[in-house]
Structures are given as structure tokens and as C-alpha cells.
Amino acid sequence: NHKFIATPSRTKEILKKYHFSFKKSLGQNFLIDSNILNNIIRQAGIDKESGVIEIGPGIGALTEHLAIHSQKTLAFEIDQRLIPVLEDTLAPYDNVEVVHEDILKANVRDMIRTHFHPEQPVHLVANLPYYITTPILMKLLRDHLPIDSFTVMIQKEVAERMAAKPNTKSYGSLTLAVQYYTEAEVVMQVPKRAFMPQPNVDSSILRLVRRTKAPVNVVDEHFFFSLIQASFAQRRKTLRNNLTNYFKEKLTKEEVGLILQQIGIDGGRRGESLTMEEFALLANTFIASSK
Ligand code: SAM
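Each step along the sequence shown adds one to the number in my numbering, with nothing skipped, and position 28 is 40.
And the structure:
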């Protein structure tokens, strides 16, 4: 007659037992709704073959479900106070390892190599601390780690930006950075009442599936991303004006306009209307002028 950690009563009991006080600075909003957790597990597509990485297990609400459904779960928690709590709450599960480490400083590649089989699918599942959602995801994506998918609870607006389509308000440089590495989809909205304490912002579950091959061919990734940044520098300005600003000492406004014309992109458009393919064309053309 087991009672999941992710219930209001069990969570309160654990918090009380350890005199635990939430640290807002660490983004501590614990899940207390097992239905939401079942949904996350289903969306993550994990099974008994899967290796799972969790960021921020808290008191183990999600970790418990991951342990039940995966072959092995590796959970990184920065808050020292939670380590003895997790030892207690996760005692029934022998396929979980809690690592007391800041995920931004951890050598995740090494941890994957030493904890999972080389052929094993690895999925990341987390209710992320909202204050560092973007740095965490971008680091894991840029490092080209062998992680097949990411199913994460994050702030609704950030999820919408990461999964956005061109010609929408949410579409921007973050969209293109995330979608260069993954296929992104918002899979579910989560009400504030699913958390303790309730956060000030709305939450969504975002699912990212790593691409096996880049969606576009770019000569220089670094230049591609900096040109994208430049194209969104002032959202209300035209592409021609933003690029003229970027190439200040190197190209005149007329020259920028001419190059755009040659590749068939109207300089009067705004960055938010360009597809990833068009940004690739842009970067591969302007690379000559960047040197
Ligand atoms: N997974 C738990 C749940 O769903 O109830 C807790 C989620 S809570 C939103 C975020 C967790 O991430 C907290 O336990 C917090 O201490 C931890 N955390 C914050 N910053 C971290 C970092 N840099 N590295 C690892 N864990 C971190």
C-alpha cells in the first residue's frame, strides 16, 4: 500500500520531517500531482530499456516514477539539504543514483559513458528550475551529448519560443537555436496547482527530439547563429537595417541590399519571417563579407 511522493499529503509529511524550507533562488517548486507525472512519463517515451537523466530531483516526486519505468535513472541535485531526503524517499528503488552536483558544472558526457550502456537510449526528463532553463538546455544541446530526447517542464512562454513557427511573436533566435538541434513540440499545459509552492508563472511540458542530422547545411555554425542574433537585434526593424548595423564597417546599406536581392530575399522583410533554410542561405552568402 504504497503512496507516491507526488501527493500533497506525502509531500507535506516529508517537508515536515526534514524541516525543509523552499529556496526560491533554486527554483524549487515540487510536483504534487501524480496524474501530471504519469503524463510526463508517457510523453517521454521511456521504457525498461531506457537510461534516464533527471535534473533537480527535489524530494523525488518525478524520480520515483522514472525509477519505476526506466532501466536506470541518474539524477543531478544541487541542493545539499535534499541529498539525505532523497536517500530516504528513494530507498525502495535500487536503480536510481543521485549525484550532488550543479548540472551546469557536471561532466554529463562522462556520466553517461560510465552509467549507461553504449547502445542504450538515453532520455532527459525534468521539472527544470525556471531561472536557468535556457542555459541548461542550450548547454546540453550545443555539447552534442548522446541524449535522444528531452521532456521538460518549463515556463510556458519559454516553451512557446522554443517550439515557435516563423511569423509568430514567439519566433526568434532561441527558436532557431533549439530547432537546429531538435524537433520541438509543446505537448501539454500544466496548471499552477500541480506544484508546491505554486509558481508565479504558467508551465508547459516541452518535448525535444534530437535530430540525427542538421536540418540545414551551414558553412560556419558560429557565424550562422550570430547572423540570426543580428537579424532579431531590433525586432521591428527590417532585415536590411539590422544587417547593415551588423556589417557596419564592412558593407554599406546598398551593398547589403544588393546581396539580399541576389539571393532572392526581400530586405524589407523582418527577421521573424525567415525560415531556418533562409537563414542558412543568408549565412552561407554573407560569410564572404564577414572576413
Ligand atoms: N523534480 C522535482 C519535482 O518535480 O518535484 C523538483 C523540481 S524543482 C522545479 C527544481 C529542482 O532543481 C530543485 O530541486 C532544485 O534544488 C534543483 N536545482 C536548481 N538548480 C540546479 C542546478 N544548477 N543543478 C541541479 N539541480 C538544480
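Beta carbons: idealized from backbone N, C-alpha and C, even for Gly.
Please read all numbers here as calculations on a predicted model, not as lab measurements.
Inset, instruction - Out of 85, 275, 48 and 52, state which residue places its alpha-carbon closest to the alpha-carbon of residue 63. - result: Check the Cα spacing between residue 63 and each of 85, 275, 48 and 52: the tightest is with 85.
Legend entry - Enclosing alpha helix (DSSP H) for residue 240 [first to last residue]: Where residue 240 is concerned, the enclosing alpha helix (DSSP H) stretches over 233 to 243.
Inset, instruction - With a threshold of 6 angstroms, establish whether the CB of residue 119 neighbours any heavy atom of the ligand SAM. - result: Not so, every heavy atom of the ligand SAM lies at least 6 angstroms from the Cβ.
Legend entry - Sequence-distant residues of its chain with Cβ nearer than 7 angstroms to residue 48 (five each side left out): Residues 202 and 206 of the same chain have their beta carbon placed closer than 7 angstroms to that of residue 48, with the five preceding and five following residues left out of the count.
Legend entry - contact_flag[the stretch 14 to 33, the stretch 170 to 177] where n(CB pairs < 8 angstroms) is 3 or more: At 8 angstroms Cβ cutoff, the stretches do not touch.
Inset, instruction - Would you list, in sequence order, the uninterrupted alpha helix (DSSP H) runs of no fewer than 4 residues that lie entirely inside the stretch 141 to 173? - result: Runs of the alpha helix (DSSP H) lying entirely within the stretch 141 to 173 and spanning at least 4 residues, in chain order: 145 to 154.
Legend entry - Contacting residues, own chain, Cβ-Cβ under 6 angstroms from residue 199 (five flanking each side not counted): The beta carbon of residue 199 lies closer than 6 angstroms to those of 55, 217 and 219 in the same chain, with the five residues before and after it left out.
Inset, instruction - Kindly examine the ligand NAP and report whether one of its heavy atoms sits closer than 6 angstroms to the Cβ of residue 206. - result: By its list of ligands, the structure shown excludes the ligand NAP, since it contains just the ligand SAM.
Legend entry - residue 69 Cβ short of 6 angstroms to the ligand SAM heavy atom set: Distance from the C-beta of residue 69 to the nearest heavy atom of the ligand SAM is below 6 angstroms.
Legend entry - Same chain, Cβ closer than 6 angstroms to residue 190, neighbours up to 5 away in sequence not counted: Excluding positions up to five away in sequence, the list reads 174 and 196.
Inset, instruction - Just the C-alpha distance for residue 140 and residue 115, rounded to the nearest angstrom, thanks. - result: Between the alpha carbons of residue 140 and residue 115 lies a distance of about 11 angstroms.
Inset, instruction - Can you give me the Cβ contacts of residue 245 inside the same chain, cut-off strictly under 6 angstroms, excluding the 5 residues immediately before and after it? - result: Within the same chain, Cβ atoms closer than 6 angstroms to the Cβ of residue 245 are found at 254, the five residues on either side in sequence being excluded.
Legend entry - Integer Cβ distance of residue 167 from residue 230, believed to fall under 8 angstroms: Contact between residue 167 and residue 230 is absent: CB atoms are separated by about 29 angstroms, not below the 8 angstroms threshold.
Inset, instruction - My understanding is that residue 102 touches residue 73, with C-beta atoms under 8 angstroms, so please give their C-beta distance in whole angstroms. - result: With 8 angstroms as the limit, residue 102 and residue 73 do not qualify as a contact, their Cβ atoms being about 11 angstroms apart.
Inset, instruction - Determine the contact status of residue 138 and residue 76, defining contact as a CB-CB distance below 7 angstroms. - result: Contact: no.
Inset, instruction - Throw me the rounded Cβ distance for the residue 208 and residue 23 pair, which I believe falls under 8 angstroms. - result: Right, their Cβ atoms sit about 6 angstroms apart.
Legend entry - For residue 82, the three-state DSSP class (helix, strand or coil): In the structure shown, residue 82 sits in coil (DSSP, three-state: anything other than H, G, I, E or B).
Inset, instruction - Give a single yes or no on whether residue 114 has its beta carbon closer than 6 angstroms to a heavy atom of the ligand SAM. - result: Yes, the beta carbon of residue 114 sits closer than 6 angstroms to at least one heavy atom of the ligand SAM.
Legend entry - Cβ shell of residue 178 (< 8 angstroms), same chain only, five flanking positions each side left out: So the qualifying residues of the chain are 284, 285, 286 and 287.
Inset, instruction - Report whether the distance from the Cβ of residue 139 to the nearest heavy atom of the ligand SAM is below 6 angstroms. - result: It does: the Cβ of residue 139 is within 6 angstroms (strictly closer) of some heavy atom of the ligand SAM.
Legend entry - Which of helix, strand or coil DSSP assigns to residue 291: In this structure, residue 291 counts as helix in the three-state DSSP scheme.
Inset, instruction - Report all residues from its chain with a CB closer than 6 angstroms to the CB of residue 128; omit the five preceding and five following residues, and keep chain order. - result: Only 63 and 134 meet the Cβ criterion.
Legend entry - Contact under 7 angstroms by Cβ, residue 71 with residue 26: Yes; because the gap between Cβ atoms is below 7 angstroms, this pair is in contact.
Inset, instruction - Give me the Cβ distance between residue 301 and residue 259, rounded to the nearest whole Å; I'm assuming they're in contact under 8 angstroms. - result: Rounded, the Cβ-Cβ distance is 6 angstroms, consistent with contact.
Legend entry - For residue 240 and residue 93, the rounded distance between their alpha carbons: Inter-residue distance for residue 93 and residue 240 is about 42 angstroms (C-alpha atoms, whole angstroms).
Inset, instruction - Please work out which residues of its chain come closer than 8 angstroms, Cβ to Cβ, to residue 118, disregarding the five sequence neighbours upstream and downstream, and give them in chain order. - result: Excluding the 5 residues flanking it on each side, residue 118 has same chain C-beta neighbours closer than 8 angstroms at 88 and 111, in chain order.
Inset, instruction - Report whether the distance from the Cβ of residue 87 to the nearest heavy atom of the ligand SAM is below 6 angstroms. - result: Not so, every heavy atom of the ligand SAM lies at least 6 angstroms from the Cβ.
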